[in-house]
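Enquirer: One structure, pasted below without further comment.
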Amino acid sequence: MSAPKIGRPSSLSGSGGRRAGLPDRETVPGADLVARDAAGALELGRRIVDLAADKKAADIVLIGIAELTTVADYLVICSGSSERQLGAIADGIV
84 MSAPKIGRPS SLSGSGGRRA GLPDRETVPG ADLVARDAAG ALELGRRIVD
134 LAADKKAADI VLIGIAELTT VADYLVICSG SSERQLGAIA DGIV
């Protein structure tokens, strides 16, 4: 099995990667109170990739989205060959 791809989605065309109408992270009230542990987030993302691979997930991709949203730092996408396998992958992660 090949190593999962780790990357960032291409920026939104014409916006320089910023989403129109949304304030910068630094200007959001209380944003300074939230400690971002980037190394911990990456470690968790890689752990989720490993757990999905243990359940034979296919096409596993770990995408860095921290610059696009404050909701999450990474997004893991994978596929499975059946509903049953997808359930096993999800159960193995949670």
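Here the sequence shown is numbered in the numbering used here, starting from 84 and rising by one per residue.
For glycine and all other residues, C-beta sits at the position ideal for the given N, C-alpha and C.
Every value quoted in this text rests on a predicted model; they were computed, and no experiment measured them.
(1) Is it buried or exposed, Ile160, if we count other Cβ atoms within 10 angstroms and call 16 or more buried?
(2) Take the Cβ of Gly128 as the centre, count every other Cβ of all protein chains shown within 10 Å, and call the residue buried at 16 or more, exposed below.
(3) Where does Val159 fall in DSSP's three states?
(4) How is the beta strand (DSSP E) around Leu169 delimited, first residue to last?
(5) Assuming Ile172 contacts Ala149 (C-beta within less than 8 Å), just tell me the rounded distance between them.
(6) Can you name the start and end residues of the beta strand (DSSP E) that Val132 belongs to?
(7) From the DSSP output, which residues share a beta bridge with Ala141?
(8) Using only alpha-carbon positions, find the residue among Leu145, Ala140, Ala141 that is nearest to Ala124.
(9) Label Asp156 either buried or exposed according to how many other C-beta atoms from any shown protein chain fall within 10 Å of its C-beta, with 16 as the threshold for buried.
Expert: Result, derived from the coordinates:
(1) exposed
(2) buried
(3) strand
(4) Leu169 -> not in any beta strand (DSSP E); alpha helix (DSSP H) instead, spanning 166-176.
(5) Contact flag wrong, Cβ pair sits at about 24 Å.
(6) Note, Val132: premise wrong, no beta strand (DSSP E); alpha helix (DSSP H) at 121-137.
(7) Ser162
(8) Leu145
(9) buried
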